[in-house]
Structure formats: structure tokens, C-alpha cells
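Numbering (the numbering used here), first residue to last: 46 to 443. So the structure is just underneath, and the comments pick up after that.
Encoded structure:
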């Protein structure tokens with residue numbers, strides 16, 4: 046996140062993509078478990094570096110009315126397709142190589158998207174105009190605006206030939222610090238987004254961890270059959286994302302109410318899933334639960350992107366999502382213990398955290414639908430702050 050806010054979105058995405066390729070290939074050729082663990086740690090570093098910055102870049106390049114849809118495609122549809130891709134590749138590999146080293150081919154296959162994607166990003170991906178403006182790079186921004194106008198055939202509609210000039214006094218960019226996300230202006234946003242990210246990570250990654258174990262121990266499914274079940278659960282995320290994509294842009298619903306709905310229905314569904322005994326009904330119930338867990342995970346990326354100013358957008362998203370990684374470390378340990386007690390207890394834990402996400406969303410209460418992206422921190426605080434809910438008000442006015 047810090048790299049994205051200081052060095053630029055484009056540079057950081059390209060760097061993390063190259064780093065991911067090297068680490069992923071290194072994982073496939075690891076000679077021992079220690080080397081594999083280190084390489085996978087670097088893979089996690091690359092993904093954690095790329096995703097917050099890529100999300101920032103996407104929303105900063107997109108018009109306000111399409112921002113939510115693009116964000117949902119990036120973190121919703123793309124993630125679901127990636128999950129399906131991994132399962133399908135795994136099933137294909139198992140058909141031709143059932144040896145103990147089949148997983149090496151799988152890890153190698155997971156590097157292919159970036160092997161093709163990084164060169165495409167290098168050629169076609171522009172720098173964020175919002176970031177250029179926030180860093181005072183007006184000449185580069187003017188050139189980019191002119192290039193976009195030529196691409197869209199709207200050169201005749203440009204004001205001042207696309208030249209950018211400073212309208213307000215800009216803060217000294219050299220004095221910016223990532224720690225500003227804990228300032229009174231942004232502290233409430235950071236707390237809320239961190240809580241929601243932890244809730245979503247525990248439920249989403251926890252479900253990915255628990256689901257195949259339940260299929261194996263409760264229904265005695267083989268690896269190939271379990272991969273099919275996981276792929277179907279991943280495919281089920283797509284309809285949920287499409288519904289969320291529509292809801293978050295509906296006036297009167299927006300981001301906040303949509304998240305409340307998914308959290309609430311998800312909690313009820315989680316309580317019901319263990320009640321299904323047959324493998325078919327249990328699989329179907331999990332296909333319903335998975336999108337209810339995943340969609341708020343997608344929406345929080347959009348909400349955070351719209352709450353943080355350009356100067357700290359990548360840093361804010363990166364910090365909040367990194368807190369969820371800490372929760373993710375504890376998730377397998379907690380859920381493994383719960384699963385040893387009963388499947389019902391495991392899904393009750395999911396329901397508890399989904400309820401926690403709903404409560405946090407109710408307390409925070411800030412809607413970001415159709416809001417303009419802020420550039421500087423001082424723009425995030427206005428007269429409307431006096432009308433915000435107690436959590437936000439207490440944070441901004443200690």
C-alpha cells in the first residue's frame with residue numbers, strides 16, 4: 046500500500062506481478078518444505094502488494110456511476126473465476142499425474158495468468174490520474190488526459206486543451222505518512238474496514254479450509270470429487286456478485302444496506318447448513334452460503350476505496366486487508382478445533398462473525414454511493430460529519 050501511494054499504482058502493480066511469478070515458480074520447484082513455505086510467503090507478499098493497489102487504480106480510472114460494478118468484477122468475478130481455474134487445473138493434472146508431485150504442476154499452472162497478464166499491463170495499463178494529481182505531476186496528467194481524449198475521440202470537448210492547473214493549495218507531499226490512516230479524520234474508517242475485513246476473511250477463508258474437510262470426513266469424498274464441489278461453490282459466487290453489483294448501485298440501498306442484507310441472510314444460512322444430511326443437499330446449501338460470505342468481501346474493497354483519499358487509498362486498503370491476514374492465521378486453528386467438536390459448531394462460528402459484520406456496519410453507517418473520490422485527507426472531513434452515527438462522531442470528535 047505504501048508503495049502504491051508513494052511510487053505510483055502502475056509501478057507497484059507491475060513490480061508485484063513480476064515478484065509473484067518468480068515466487069510462484071520457485072514454489073513449484075521447492076526441494077523441501079521449508080523452501081516451499083518461504084516461497085509461498087513471498088507469493089502472499091506479492092498478492093498483498095498487488096490487490097490493494099490494483100483496486101485503487103481501478104476505481105480511480107472509472108467514472109463514478111460505474112465504479113461499483115468495476116470493483117465487483119475485479120474482486121468478485123475475477124476471484125471466482127480464479128478459484129474455478131485452480132480446481133479445474135487440479136482435476137486435469139490428476140488425470141495425467143497421480144504421483145506425489147502433482148501439486149508442483151498445479152503451482153506452476155497458477156503462475157500462468159500473471160505470466161500473460163504482466164506484459165499486457167505493461168503495454169496497456171496507465172497510471173492513475175488521481176494519483177498524478179495528488180503528487181502534483183500536472184504535466185504527466187495533462188498528457189494522459191490528452192491521450193484518453195484521443196482514444197475516445199473527444200479532443201474537441203476538452204477544456205484548456207487538457208491542461209491541468211492547481212486550483213487549491215496542495216499539501217506538501219513529502220510530509221505525508223501512511224500513519225495518517227490512524228488520524229482523527231481517518232481512524233473511524235480504518236477501524237470499521239479492519240473489522241469487516243477480518244470478519245470476511247475468517248468466514249471466506251475459513252469456509253475454504255473447512256468445506257473440503259467436511260466433504261472428506263462426513264461424506265468420504267475423494268480429492269477429485271472434492272475439487273468438483275469446491276469449483277461449484279466458487280461458481281456459485283458469480284450470481285451473488287452479480288446481485289451485489291446491482292444492489293450497491295440502487296438508490297435507497299447502496300453499499301451499506303447491501304452489506305447488511307448479505308451479512309444477515311448469510312448468518313441465518315450458516316445456521317441452517319449443518320441441518321442438511323445428504324451430500325447433495327449439503328453441497329447445495331454451501332453453494333448458497335458461499336456467495337453470501339463472498340459478496341460483502343467484494344463490497345468492502347469498494348467502500349474502502351471510496352472512503353480513503355487518493356493520498357492514502359492504497360495504504361488504507363492494504364493495512365485493513367493485512368489485519369484480516371492476521372485473523373486468517375488463527376482461523377484454521379480455531380475452526381479445526383470446532384470441527385473436531387461438531388460440524389454444527391463450526392457453522393455457528395461462521396454465523397457469529399457474519400452477525401458481527403452486520404453490527405459493525407450498522408454502527409458505522411456511512412454510505413458511499415455516488416460520492417466523489419477525495420484527493421487529500423482534509424477533504425474527508427466536512428459539515429456532514431456532525432450528522433454521522435455515534436461511532437464515527439466519537440472518533441472524529443474525541
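For glycine and all other residues, C-beta sits at the position ideal for the given N, C-alpha and C.
Thinking C-beta only, is residue j closer than 8 Å to residue i?
{"i": "residue 115", "j": "residue 99", "result": "no"}
{"i": "residue 292", "j": "residue 303", "result": "yes"}
{"i": "residue 305", "j": "residue 407", "result": "yes"}
{"i": "residue 361", "j": "residue 231", "result": "yes"}
{"i": "residue 117", "j": "residue 343", "result": "yes"}
{"i": "residue 57", "j": "residue 94", "result": "yes"}
{"i": "residue 156", "j": "residue 69", "result": "yes"}
{"i": "residue 238", "j": "residue 365", "result": "yes"}
{"i": "residue 377", "j": "residue 254", "result": "yes"}
{"i": "residue 308", "j": "residue 373", "result": "no"}
{"i": "residue 331", "j": "residue 282", "result": "no"}
{"i": "residue 247", "j": "residue 398", "result": "yes"}
{"i": "residue 16", "j": "residue 336", "result": "Residue 16 is absent from the model: the chain starts at 46 and stops at 443."}
{"i": "residue 125", "j": "residue 329", "result": "no"}
{"i": "residue 183", "j": "residue 355", "result": "no"}
{"i": "residue 59", "j": "residue 166", "result": "yes"}
{"i": "residue 379", "j": "residue 242", "result": "no"}
{"i": "residue 420", "j": "residue 186", "result": "no"}
{"i": "residue 319", "j": "residue 388", "result": "yes"}
{"i": "residue 300", "j": "residue 347", "result": "yes"}
{"i": "residue 294", "j": "residue 113", "result": "yes"}
{"i": "residue 61", "j": "residue 82", "result": "no"}
{"i": "residue 138", "j": "residue 151", "result": "yes"}
{"i": "residue 396", "j": "residue 316", "result": "yes"}
{"i": "residue 314", "j": "residue 352", "result": "no"}
{"i": "residue 350", "j": "residue 101", "result": "yes"}
{"i": "residue 357", "j": "residue 168", "result": "no"}
Please list the terminal residues of the continuous alpha helix (DSSP H) segment that includes residue i.
{"i": "residue 85", "result": "78-106"}
{"i": "residue 143", "result": "Careful: residue 143 lies outside any alpha helix (DSSP H) and carries neither H nor E."}
{"i": "residue 162", "result": "157-169"}
{"i": "residue 226", "result": "Looking at the DSSP string, residue 226 is not in any alpha helix (DSSP H), and its letter there is neither H nor E."}
{"i": "residue 295", "result": "Where residue 295 is concerned, there is no enclosing alpha helix (DSSP H), given that its DSSP letter is neither H nor E."}
{"i": "residue 348", "result": "324-352"}
{"i": "residue 55", "result": "54-73"}
{"i": "residue 175", "result": "174-179"}
{"i": "residue 406", "result": "388-409"}
{"i": "residue 49", "result": "47-51"}
{"i": "residue 419", "result": "Counting along the chain, residue 419 falls outside any alpha helix (DSSP H), and DSSP gives it neither H nor E."}
{"i": "residue 121", "result": "Residue 121 -> no alpha helix (DSSP H), and no H or E assigned at all."}
{"i": "residue 266", "result": "Where residue 266 is concerned, there is no enclosing alpha helix (DSSP H), given that its DSSP letter is neither H nor E."}
Write down the C-beta distance between residue i and residue j rounded to the nearest angstrom, noting that I regard them as a contact closer than 8 Å.
{"i": "residue 297", "j": "residue 172", "result": "Going by Cβ atoms, the distance from residue 297 to residue 172 rounds to 36 Å, so no, they are not a contact pair."}
{"i": "residue 97", "j": "residue 369", "result": "Their Cβ separation, rounded to whole angstroms, is 12 Å, which puts residue 97 and residue 369 out of contact at 8 Å."}
{"i": "residue 278", "j": "residue 266", "result": "That pair is no contact at about 13 Å."}
{"i": "residue 55", "j": "residue 170", "result": "6 Å"}
Tell me, please, whether the CB atom of residue i is closer than 8 Å to any CB atom in chain C?
{"i": "residue 407", "result": "This model lacks chain C altogether, as it is built from one protein chain only."}
Any 3 or more C-beta pairs closer than 8 Å across the region 146-154 and the region 323-335 | no
Report yes or no: do the region 59-74 and the region 134-143 share at least 3 C-beta pairs separated by less than 8 Å?
-> No, because fewer than three Cβ pairs between the region 59-74 and the region 134-143 fall closer than 8 Å, the two stretches do not touch.
Sufficient close CB pairs (3 or more, under 8 Å) joining the region 104-113 to the region 71-85 = no
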